[in-house]
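J.: Residue numbers (the numbering used here), protein chains in the order written: chain A, 1 to 363; chain B, 364 to 726.
Don't be surprised by glycine CBs; every beta carbon is placed ideally from N, CA and C.
Take this structure, written in structure tokens, and hold onto it; I'll ask about it next.
Number of protein chains: 2
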Amino acid sequence: MRIVLATLMAMLLIGCADNDSQSTVTQVAQPEEMFKWKLVTTWPKNYPGLGLAPENFASKVAAMSAGRLKIKVYGAGQLVPAFEVFDAVSQGTAEMGHGASYYWTGKAKAAAFFTSVPFGLNAQEMNGWLHYGGGLELWRELYDEFNLVPFAGGNTGVQMAGWFNREINSMEDIKGLKMRIPGMGGDVITRAGGISVTIAGGELYTAMQTGVIDALEWVSPYNDIALGFHQVAKYYYYPGWHEPGPTLELIVNKDALASLPADLQAIVETAARAVNQDMLDEYTARNNEALVSLVETHGVQLRKLPDEVVAELRNISEDMLEELADDSDISRRIAESVKAFQKQATAYHAISEEAYYQARKQK
Amino acid sequence: MRIVLATLMAMLLIGCADNDSQSTVTQVAQPEEMFKWKLVTTWPKNYPGLGLAPENFASKVAAMSAGRLKIKVYGAGQLVPAFEVFDAVSQGTAEMGHGASYYWTGKAKAAAFFTSVPFGLNAQEMNGWLHYGGGLELWRELYDEFNLVPFAGGNTGVQMAGWFNREINSMEDIKGLKMRIPGMGGDVITRAGGISVTIAGGELYTAMQTGVIDALEWVSPYNDIALGFHQVAKYYYYPGWHEPGPTLELIVNKDALASLPADLQAIVETAARAVNQDMLDEYTARNNEALVSLVETHGVQLRKLPDEVVAELRNISEDMLEELADDSDISRRIAESVKAFQKQATAYHAISEEAYYQARKQK
Chain A
1 MRIVLATLMA MLLIGCADND SQSTVTQVAQ PEEMFKWKLV TTWPKNYPGL
51 GLAPENFASK VAAMSAGRLK IKVYGAGQLV PAFEVFDAVS QGTAEMGHGA
101 SYYWTGKAKA AAFFTSVPFG LNAQEMNGWL HYGGGLELWR ELYDEFNLVP
151 FAGGNTGVQM AGWFNREINS MEDIKGLKMR IPGMGGDVIT RAGGISVTIA
201 GGELYTAMQT GVIDALEWVS PYNDIALGFH QVAKYYYYPG WHEPGPTLEL
251 IVNKDALASL PADLQAIVET AARAVNQDML DEYTARNNEA LVSLVETHGV
301 QLRKLPDEVV AELRNISEDM LEELADDSDI SRRIAESVKA FQKQATAYHA
351 ISEEAYYQAR KQK
Chain B
364 MRIVLATLMA MLLIGCADND SQSTVTQVAQ PEEMFKWKLV TTWPKNYPGL
414 GLAPENFASK VAAMSAGRLK IKVYGAGQLV PAFEVFDAVS QGTAEMGHGA
464 SYYWTGKAKA AAFFTSVPFG LNAQEMNGWL HYGGGLELWR ELYDEFNLVP
514 FAGGNTGVQM AGWFNREINS MEDIKGLKMR IPGMGGDVIT RAGGISVTIA
564 GGELYTAMQT GVIDALEWVS PYNDIALGFH QVAKYYYYPG WHEPGPTLEL
614 IVNKDALASL PADLQAIVET AARAVNQDML DEYTARNNEA LVSLVETHGV
664 QLRKLPDEVV AELRNISEDM LEELADDSDI SRRIAESVKA FQKQATAYHA
714 ISEEAYYQAR KQK
């Protein structure tokens, strides 16, 4: 139990002459409370991209608060296992967590909507929906009963469809395919006749090498090249239909956040916003470099999923999203909000971002 | 002249019992300096989207600094005219400015690269280049001789090609076209045989209505609908080849920035980063809504620029970018940096973002 002592302070008014527009007025000094927080994550400590975001966040917060809010980042398993991050922050074992909302569908099914759903919003659209389309308010409502306040905490951009040792020429090739693909993407593969397998990141290379699995999806070139999948897989397929704009999350224990003075609360919120963009910036730069290396140095065979397969996977996904929407009142409201946003975003991006990508390469 | 007084402070060590991980340690109190800054902008006060970013920035900084750094935002003409923002901040008349780097090509030609160049990077790519591709370092080098430190301060996403009262079916239709289109886009139109006209935003509606101009580009649906261009123009063309990822800038007087304690410097930097993303989020959400209103309520005729026209405009743009690169050593280094980044980004986005847009609508 914490004992808060009443503080007595000798106040000293300090005069200050000021003839300048950049004025220097000296405030009455106040004793300042210091906070030491723990941030638990679902990633290995310092894992490239994903795992650097919480470190980046903690460092920005420390700098902006002049050390008044110090946040120590724990990798998966250092304080709690990866998949206990949600509970640990909910219960206050740690004040913050970094991970992905779709890991917590066992707690609240609708959490799936806030990472990425198959054939859903891309990064730019997710950020638009969350911050100006009502998405974040719904996310906060969903997490409120768990005593958690979520913030968007990074985005990888469109992922790759994954690494395959079997060519995908039609839906027939999905039948019996043993693939490591978690979340709703995995459910779609299962409904398409494949076998969705859950294997930890560290064991994927061997599983692929020994034929335990025929395919796997991880992230995108920046992360994938580091794990060496190009050494054990023949084909690298695109596009990442299953995770088009994966948003990571920073979750804060609601009581811990409320215990901060207003300036530190603002610092937490703004640092999260900056980190959310920063990760996408990093992937955007590093994916380029890694793809070039994979294709030009390692001779990776890039393959595009056939249109017919993409269309069929999308049909299956739409059915699944409808079922998810039926799960609860809030699930329905989230599904309707994101669907309406996606309809408009798809129309606008067809004539802006998408049309521009085409115009740029017009011969 | 500012007189800084030495301060005398009664120090009081305050004891604190702590049995909790969320520890509460009371720091020795320090007198804190207060700063009042002026931020001048190239936009009308509170102009939707563009003009809200500096207000948003000032509000985040005030909240995070608990009022230690108060920034007052001035609309164009309130303290200095729009096109004197650069000089005002350079000379310290105001500590900060918000605008677009391509307004300052009269000071440094290479400034054009940091807003948007025809057929260049889109928003996601600009942010990747600036923050992880060496772009921001080059921008700082370019502005250093003007005593300015630049930060990315917002992005509108791909703009529209603009409003036209003449159909564009071939390059012949560009000949003699009187169009309001500033910057390099305007130079491209001029080289294509058109007439680039400079008219202030407030006079565009009447100029279009009375036939003084045949065409104009402004921003995108969110801003354009507010100015009522759909009432005086027949066609709304896409895509915005001339400004694919317009980055706005927050510029800070270098001495003013250096005069801040480290925590306030970090607050300025992180608030800029957050605001940079926030604007794109807002446009992404609002453009959708405005486009639907323009097309469904106001019956706007959307038109796509013909492939042949797009290809020819791109050829002209590439020649111009080569000439710009020849302007100076730093111009050459910036041009090479952005060109290398764009080459890789184009390749990667072809199989990620672009391929995904196509996959999402695959029938």
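In chain A, which residues lie less than 8 Å from alanine 610(B) when you measure between Cβ atoms?
T.: By 1-based counting over the second sequence, the position of residue 610(B) is 247. Here the sequence assigns threonine to residue 610(B), which means alanine is not the residue at that position. Here the premise fails: no neighbours, minimum Cβ distance about 12 Å.
J.: Using beta-carbon positions only, say whether glycine 193(A) and lysine 175(A) come within less than 8 Å of one another.
T.: Counting from 1 along the first sequence, the entry for residue 193(A) is found at position 193. Counting from 1 along the first sequence, the entry for residue 175(A) is found at position 175. The answer is yes: Cβ separation under 8 Å.
J.: Examine chain A for any beta-carbon lying closer than 8 Å to the beta-carbon of glutamine 487(B), and answer yes or no.
T.: If you number the second sequence from 1, residue 487(B) lands on position 124. Yes, glutamine 487(B) lies at the interface with chain A (some Cβ there is under 8 Å from its Cβ).
J.: For the stretch 490-508 of chain B, enumerate the residues whose C-beta is nearer than 8 Å to any C-beta of chain A, in chain order.
T.: Taking 8 Å as the Cβ-Cβ cut-off against chain A, the residues of the stretch 490-508 of chain B that qualify are Asn490, Gly491, Trp492, Leu493, His494, Tyr495 and Gly496.
J.: On the CB-based measure, 16 or more other CB atoms within 10 Å of its CB, does serine 170(A) come out buried or exposed?
T.: Position 170 of the first sequence, counting from 1, holds the residue named residue 170(A). Exposed.
J.: For serine 196(A), which three-state DSSP category applies?
T.: Within the first sequence, numbered from 1, the residue matching residue 196(A) stands at position 196. Residue state, collapsed to three classes: strand.
J.: May I ask you to verify whether the stretch 555-574 of chain B touches the stretch 624-635 of chain B, counting CB pairs closer than 8 Å and requiring at least 3?
T.: At 8 Å Cβ cutoff, the stretches do not touch.
J.: With the cut-off set at 8 Å, would you say glutamine 522(B) and leucine 280(A) are in Cβ contact?
T.: One-based indexing of the second sequence puts residue 522(B) at position 159. One-based indexing of the first sequence puts residue 280(A) at position 280. No.
J.: Residues of chain B with CB under 7 Å from isoleucine 225(A), in chain order?
T.: Numbered from its first residue, the first sequence carries residue 225(A) at position 225. Here the premise fails: no neighbours, minimum Cβ distance about 13 Å.
J.: What is the rounded straight-line gap between the Cα of alanine 350(A) and the Cα of alanine 703(B)?
T.: Walking along the first sequence from the start, residue 350(A) turns up at place 350. Walking along the second sequence from the start, residue 703(B) turns up at place 340. One C-alpha to the other measures close to 26 Å.
J.: List the whole-angstrom C-beta distance separating alanine 688(B) from arginine 695(B), where the pair is believed to meet the contact cut-off of C-beta under 8 Å.
T.: Sequence index remark: in the second sequence, residue 688(B) carries index 325 (1-based). Sequence index remark: in the second sequence, residue 695(B) carries index 332 (1-based). Alanine 688(B) to arginine 695(B), Cβ: 5 Å. Contact.
J.: Would you say leucine 148(A) lies against chain B (beta-carbon separation less than 8 Å)?
T.: Taking the first sequence and counting its residues from 1, the one referred to as residue 148(A) is at position 148. No, no contact with chain B.
J.: Less than 8 Å between the CB atoms is what I'm expecting for tyrosine 585(B) and asparagine 650(B), so what's the real figure, rounded?
T.: Within the second sequence, the letter at position 222 stands for residue 585(B). Within the second sequence, the letter at position 287 stands for residue 650(B). With 8 Å as the limit, tyrosine 585(B) and asparagine 650(B) qualify as a contact, their Cβ atoms being about 5 Å apart.
J.: Cβ closer than 8 Å: which chain B residues qualify as neighbours of tryptophan 104(A)?
T.: On the first sequence, position 104 is the one that residue 104(A) refers to. In chain order: nothing, as chain B lies at least about 23 Å away.
J.: In chain order, what residues of the same chain have a beta carbon less than 6 Å from the beta carbon of tyrosine 143(A), not counting five sequence neighbours either side?
T.: The residue given as residue 143(A) occupies position 143 in the first sequence. For tyrosine 143(A), where only same-chain residues beyond five positions count, the Cβ hits under 6 Å are Pro150.
J.: Suppose contacts are defined by Cβ-Cβ distances below 8 Å. Is glycine 49(A) in contact with tyrosine 236(A) by that definition?
T.: The count along the first sequence starts at 1 and reaches residue 49(A) at position 49. The count along the first sequence starts at 1 and reaches residue 236(A) at position 236. Contact flag unset, no.
J.: So that I know if they touch, is there some Cβ in chain B lying closer than 8 Å to that of glutamine 344(A)?
T.: As a first step, residue 344(A) is located in the first sequence; it is residue number 344 there, counting from the start. Cβ-Cβ to chain B under 8 Å: yes for glutamine 344(A).
J.: At the level of alpha carbons, what is the spacing between valine 309(A) and valine 188(A)?
T.: Translated into positions along the first sequence, residue 309(A) becomes position 309. Translated into positions along the first sequence, residue 188(A) becomes position 188. Rounded to the nearest angstrom, the two C-alpha atoms are 12 Å apart.
J.: Determine the chain A residues that contact asparagine 639(B) at a beta-carbon separation under 9 Å, and present them in chain order.
T.: For the purposes of this step, residue 639(B) is taken as residue 276 along the second sequence, with counting starting at 1. The answer, in chain order, is Ala274 and Gln277.
J.: Checking the sheet assignment: what are the DSSP bridge partners for threonine 404(B)?
T.: Sequence index remark: in the second sequence, residue 404(B) carries index 41 (1-based). DSSP output for threonine 404(B) lists His461(B) as bridge partner(s).
J.: Under a three-way DSSP split, which group does isoleucine 614(B) fall into?
T.: In the second sequence, residue 614(B) corresponds to position 251, counting from 1. Reduced to three states, the DSSP call for isoleucine 614(B) is strand.
J.: Under a three-way DSSP split, which group does serine 384(B) fall into?
T.: Walking along the second sequence from the start, residue 384(B) turns up at place 21. Summary for serine 384(B): the model assigns pLDDT 40, below 50, so the residue's position carries little reliability; its value from the coordinates is reported in the next sentence. Coil.
J.: Using a Cβ distance threshold of 8 Å, determine whether the stretch 104-117 of chain A contacts the stretch 178-187 of chain A, with at least three qualifying pairs required.
T.: Yes, since at least three Cβ pairs between the stretch 104-117 of chain A and the stretch 178-187 of chain A fall closer than 8 Å, the two stretches touch.
J.: What ranges does the alpha helix (DSSP H) occupy inside the stretch 156-230 of chain A, keeping only unbroken runs of at least 4 residues that lie completely in it?
T.: Counting whole runs of 4 or more residues, the stretch 156-230 of chain A contains the alpha helix (DSSP H) stretches 183-191, 204-209 and 221-227.
J.: Can you tell me the Cα-Cα spacing of glutamine 594(B) and aspartate 577(B), whole angstroms?
T.: The count along the second sequence starts at 1 and reaches residue 594(B) at position 231. The count along the second sequence starts at 1 and reaches residue 577(B) at position 214. One C-alpha to the other measures close to 14 Å.
J.: Rounded to the nearest angstrom, what separates valine 338(A) and glycine 135(A) at their Cα positions?
T.: Along the first sequence, one-based indexing puts residue 338(A) at 338. Along the first sequence, one-based indexing puts residue 135(A) at 135. Computed Cα separation, rounded: 7 Å.
J.: How do the stretch 604-623 of chain B and the stretch 239-251 of chain A stand: do at least 3 beta-carbon pairs fall below 8 Å, yes or no?
T.: Not touching, per the Cβ criterion.
J.: Using the DSSP secondary-structure output, state which residues sit across from phenylalanine 151(A) in a beta bridge.
T.: Here the question's residue 151(A) lines up with position 151 in the first sequence. BP columns for phenylalanine 151(A) point to Leu250(A).
J.: Within 10 angstroms of its Cβ, does aspartate 670(B) collect 16 or more other Cβ (buried), or is it exposed?
T.: By one-based count along the second sequence, residue 670(B) stands at place 307. Result: exposed.
J.: Do alanine 421(B) and leucine 442(B) have their beta-carbon atoms positioned less than 8 Å apart in this structure?
T.: Numbered from its first residue, the second sequence carries residue 442(B) at position 79. Numbered from its first residue, the second sequence carries residue 421(B) at position 58. No. Outside cutoff.
J.: By how many angstroms is the C-alpha of leucine 216(A) removed from the C-alpha of valine 197(A)?
T.: Here residue 197(A) corresponds to residue number 197 of the first sequence, with the count starting at 1. Here residue 216(A) corresponds to residue number 216 of the first sequence, with the count starting at 1. Spanning the two alpha carbons is a distance of roughly 9 Å.
J.: For methionine 642(B), write down the residues that DSSP places opposite it in a beta bridge.
T.: For the purposes of this step, residue 642(B) is taken as the residue at position 279 of the second sequence. Methionine 642(B) pairs with nothing; no bridge assigned.
J.: Determine, using beta carbons only, whether isoleucine 614(B) and leucine 511(B) come nearer to each other than 8 Å.
T.: Counted from its first residue, the second sequence places residue 614(B) at position 251. Counted from its first residue, the second sequence places residue 511(B) at position 148. In this structure, leucine 511(B) lies closer than 8 Å to isoleucine 614(B) by Cβ.
J.: Counting only the same chain and skipping the five closest in sequence on each side, list residues whose C-beta sits under 8 Å from that of alanine 6(A).
T.: Residue mapping note: residue 6(A) aligns to position 6 of the first sequence, counting from 1. Low per-residue confidence applies at alanine 6(A): pLDDT is 28, beneath 50, and the placement is therefore not dependable enough to give any value.
J.: If we cut at 8 Å on Cβ distances, does phenylalanine 482(B) have a partner in chain A?
T.: The residue given as residue 482(B) occupies position 119 in the second sequence. Closer than 8 Å to some Cβ of chain A, the Cβ of phenylalanine 482(B) qualifies, so yes.
J.: Return the first residue and the last residue of the beta strand (DSSP E) that isoleucine 664(B) is part of.
T.: Position 301 of the second sequence, counted from the first residue, corresponds to residue 664(B). Strictly speaking, residue 664(B) in this sequence is glutamine, with isoleucine absent from that position. Segment 664-667, the beta strand (DSSP E) holding glutamine 664(B).
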